[in-house]
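Chains A and B supply the protein sequences, listed in that same order. Just so you know, the numbering used here puts 32 at position 32 of the first sequence, and the rest follows in order with no gaps. Throughout, the numbering used here is defined as the position within the second sequence, counted from one, plus 304. Beta carbons: idealized from backbone N, C-alpha and C, even for Gly. Everything below concerns the one structure shown next.
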Amino acid sequence: VSTGEKPVLSLRDAVRRYVPDGQELLIGGFAFSDPTALAHELIRQKRKGLYIMKTSGGVLVDQLVGAGCADRLLSCHVWNSVGPVPAHCFRRALEQRKPHAIEIEELSYGAFTMSLLAGACDLPFMPTTPVQGTGHFTQRTFLPNKFAVVDNPFGGGAVCVVPPLKPALGVFHVQRVDKFGNAQMFGPTGEMRYAMAACKKLIVIAEEMVDTKVIRERPEATVAPGFMVDAVVVEPWAAHPTDSYGYYYRDLPHNALYGEMSRTEEGFQRYVDEWIIGTGNHAGFMAKLGSERAAELRIRKEGW
Amino acid sequence: MAAATRFEQMFLTGAGRIKDGAVLFVGFHWPMLMSRIARRLHAPNIVVVYENGIVEDRLTSVLPTSPCDLASAEQATTCAGSLEALYMWLGSGRVQMTLVEAAIVDRYGNVNTTAVGPYLQPKVRLPGSGGGTELSSLGRDLMLVSASVNKRSYPASVDYITSPGYLSGAQERNRLGYKPGTGPKTLVNPLGIFKFDENGEMYAAGLHAGVTPDEARATFGWPIKVQSNHEVLPAPNEDELKVIRQELAHAKERYYLLPEG
Chain A
1 VSTGEKPVLS
11 LRDAVRRYVP
21 DGQELLIGGF
31 AFSDPTALAH
41 ELIRQKRKGL
51 YIMKTSGGVL
61 VDQLVGAGCA
71 DRLLSCHVWN
81 SVGPVPAHCF
91 RRALEQRKPH
101 AIEIEELSYG
111 AFTMSLLAGA
121 CDLPFMPTTP
131 VQGTGHFTQR
141 TFLPNKFAVV
151 DNPFGGGAVC
161 VVPPLKPALG
171 VFHVQRVDKF
181 GNAQMFGPTG
191 EMRYAMAACK
201 KLIVIAEEMV
211 DTKVIRERPE
221 ATVAPGFMVD
231 AVVVEPWAAH
241 PTDSYGYYYR
251 DLPHNALYGE
261 MSRTEEGFQR
271 YVDEWIIGTG
281 NHAGFMAKLG
291 SERAAELRIR
301 KEGW
Chain B
305 MAAATRFEQM
315 FLTGAGRIKD
325 GAVLFVGFHW
335 PMLMSRIARR
345 LHAPNIVVVY
355 ENGIVEDRLT
365 SVLPTSPCDL
375 ASAEQATTCA
385 GSLEALYMWL
395 GSGRVQMTLV
405 EAAIVDRYGN
415 VNTTAVGPYL
425 QPKVRLPGSG
435 GGTELSSLGR
445 DLMLVSASVN
455 KRSYPASVDY
465 ITSPGYLSGA
475 QERNRLGYKP
485 GTGPKTLVNP
495 LGIFKFDENG
505 EMYAAGLHAG
515 VTPDEARATF
525 GWPIKVQSNH
535 EVLPAPNEDE
545 LKVIRQELAH
555 AKERYYLLPE
565 G
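Laid out in structure tokens, this is it:
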């Protein structure tokens with residue numbers, strides 16, 4: 001916990017400073033507000049051995065797996081939801097161990113939410129919906145205690161519970177932030193409020209930096225008060241090709257392009273070379289995407 | 305106009321079960337299109353909730369590619385979160401009907417969207433649960449939707465239970481403490497509509513015109529019962545078919561992959 005002004009870092013410096021090889025890292029977003037720009041920077045800096053936690057994996061996790069950055073994955077869903085088409089790299093890793101084997105542990109979205117809520121509140125566990133008899137209840141890999149069943153102390157039989165999840169580091173996409181780290185999201189928030197509070201260290205990647213008086217106009221939109229935030233990155237379009245509510249739409253053609261290119265290992269490598277390595281940074285990525293395309297996706301008009 | 309395909313007919317059969325004014329929990333993919341078609345045909349006042357916390361009570365200008373395509377939040381009355389959606393609305397019993405896609409489904413309505421073959425060395429890896437587990441665990445009047453007529457989609461028992469049906473039979477679900485009234489009630493697919501008996505076993509209750517009981521039997525990986533005097537489900541009329549085809553064409557524009565033919 002710290003108050004006062006927060007370090008404002010470039011994405012490159014944030015990754016350098018906070019995400020060494022082997023880092024345990026929860027990445028925010030639920031197929032909207034996925035900070036894809038973070039994944040690109042992790043790939044550019046050739047991170048290895050990461051333990052990635054992400055509720056909805058999507059294209060972001062697919063890219064990290066395809067590029068060989070992740071060894072472990074905790075998730076509830078990994079797919080390219082446009083089409084929908086498979087997350088091809090994720091499939092190759094699990095079916096053929098390419099580019100290398102990864103360990104996977106799964107929770108359903110509701111159980112993941114409750115586990116983060118327990119972590120956020122520092123409670124010993126949270127009850128969840130019955131999941132006994134399902135695959136993710138019985139199949140456990142690196143989190144053997146991801147579920148337990150206890151007797152309801154107030155009567156009424158068995159209750160399924162999940163332990164607190166407290167990721168060492170969380171990186172989340174938000175719409176706007178001020179210099180004190182007060183971070184605001186608009187639209188649906190999925191599990192993000194609890195996930196942010198569950199993380200031991202928290203970095204936000206914002207579409208824009210605004211004055212604190214702008215934050216004060218909509219205090220109910222603050223998902224993380226500044227004292228929870230360790231560092232701030234300002235990176236417009238960081239969630240592309242997913243949506244950022246009130247700022248831009250999901251980029252369907254780009255999702256389709258990625259789905260097509262990632263069908264083969266060679267195609268995926270071409271995507272990495274052209275769109276991630278070759279662009280140098282996220283501004284370079286957006287320049288390659290082009291201002292016309294960006295204008296089509298942009299929702300936010302002046303005077304939001 | 306050419307006669308409706310069975311795939312098209314599935315949308316009418318499924319949409320027909322949706323009551324105007326109902327609160328629905330709608331999962332990813334074809335259930336979204338099905339509820340949209342119901343809204344256009346006979347149920348303009350349905351209120352649809354999604355796992356991310358969005359409440360959609362009107363026809364959005366475009367079909368979202370998934371619940372998290374925030375085209376679904378256009379003019380929404382509520383944008384909340386997963387705790388609200390999955391526990392406060394669904395778990396509490398405030399949602400009256402739940403629609404979930406069932407890529408692979410077995411005799412007892414257990415759905416596999418995770419892995420075919422051994423979990424640690426899968427033959428085919430699928431996306432995983434998302435909120436599908438909660439939808440099947442907690443959803444009232446749960447309708448499973450499958451666009452497949454491939455026998456591999458209907459094994460006697462699934463390799464991995466992502467979304468719990470009646471597990472190894474209705475008694476097991478009760479014994480494990482699942483709430484009364486939950487568990488799949490129907491499955492719709494291009495062949496017709498299927499229900500579950502008191503033991504939790506699926507049977508054919510209604511078949512689309514032209515589908516024979518033998519054809520239905522041949523599609524399932526166990527000797528499925530076909531109700532004697534099963535219902536013969538009507539083909540869409542011209543107005544209904546027009547709406548279904550408009551929506552399928554729209555889905556294609558929105559990058560949905562439609563089945564061949």
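| Asked | Found |
| --- | --- |
| 3 or more residues per run - each beta strand (DSSP E) lying fully within the stretch 78-141 of chain A | 103-106 and 126-128 |
| Secondary structure of residue 243/A, DSSP reduced to three states | strand |
| Chain B contact for residue 129/A (CB, 8 Å cutoff) | yes |
| Chain-ordered neighbours of residue 558/B on chain A, where CB pairs are closer than 8 Å | 252 |
| Those residues which DSSP pairs with residue 170/A across a bridge | 26/A and 202/A |
| Where the alpha helix (DSSP H) containing residue 212/A begins and where it ends | 212-217 |
| Contacts of residue 193/A in chain B (Cβ-Cβ under 9 Å) | 385 and 387 |
| Per DSSP, the bridge partner or partners of residue 151/A | 158/A |
| At least 3 beta-carbon pairs within less than 8 Å: the stretch 505-513 of chain B vs the stretch 397-412 of chain B | yes |
| Other residues of its chain near residue 365/B: CB distance less than 7 Å, five sequence neighbours each side excluded | 378 |
| Contact set between residue 361/B and chain A, taken where Cβ atoms lie within less than 8 Å | Neighbours of residue 361/B on chain A: none; closest Cβ ~15 Å, over 8 Å. |
| Close beta carbons around residue 485/B, own chain, < 6 Å, minus the five adjacent residues each side | 444 |
| Residue-chain proximity (residue 374/B, chain A), Cβ-Cβ < 8 Å | yes |
| Between the CA atoms of residue 156/A and residue 37/A - distance to the nearest angstrom | 48 Å |
| Cβ-based burial, residue 93/A [other Cβ within 10 Å; buried from 16] | buried |
| Where residue 154/A falls, given that 16 or more other Cβ within 10 Å makes a residue buried | exposed |
| Below-8 Å beta-carbon distance, residue 356/B vs any chain A residue | yes |
| Residue 486/B in three-state terms, based on DSSP | strand |
| Close beta carbons around residue 51/A, own chain, < 6 Å, minus the five adjacent residues each side | 24 and 72 |
| Beta carbon of residue 91/A nearer than 8 Å to that of residue 429/B | yes |
| Three-state secondary structure (DSSP) of residue 498/B | strand |
| Boundaries (first-last residue) of the alpha helix (DSSP H) holding residue 313/B | 310-320 |
| The stretch 488-502 of chain B contacting the stretch 436-454 of chain B, beta-carbon criterion three pairs below 8 Å | yes |
| Closest Cα partner of residue 8/A within the set 46/A, 96/A and 178/A | 178/A |
| Residue 243/A at chain B interface by Cβ criterion, 8 Å | yes |
| The stretch 462-475 of chain B: positions lying closer than 9 Å to chain A by Cβ | 462, 463, 464, 465, 466, 467, 468, 471 and 472 |
| Residue 457/B and residue 403/B closer than 8 Å at C-beta | no |
| DSSP three-state assignment for residue 571/B, whether helix, strand or coil | The shown model of chain B, from 305 to 565, leaves out residue 571/B, and the question about it has no answer. |
| Residue-chain proximity (residue 438/B, chain A), Cβ-Cβ < 8 Å | yes |
| Enclosing alpha helix (DSSP H) for residue 532/B [first to last residue] | Residue 532/B -> not in any alpha helix (DSSP H); beta strand (DSSP E) instead, spanning 529-537. |
| Neighbourhood of residue 249/A by C-beta, 7 Å cutoff - its chain only, sequence neighbours within 5 removed | 243, 297 and 299 |
| Closer than 8 Å at the beta carbon, the chain B residues around residue 143/A | Within chain B, no residue comes near residue 143/A; the closest Cβ sits about 14 Å away, beyond 8 Å. |
| N- and C-terminal bounds of the alpha helix (DSSP H) containing residue 51/A | Residue 51/A -> not in any alpha helix (DSSP H); beta strand (DSSP E) instead, spanning 50-56. |
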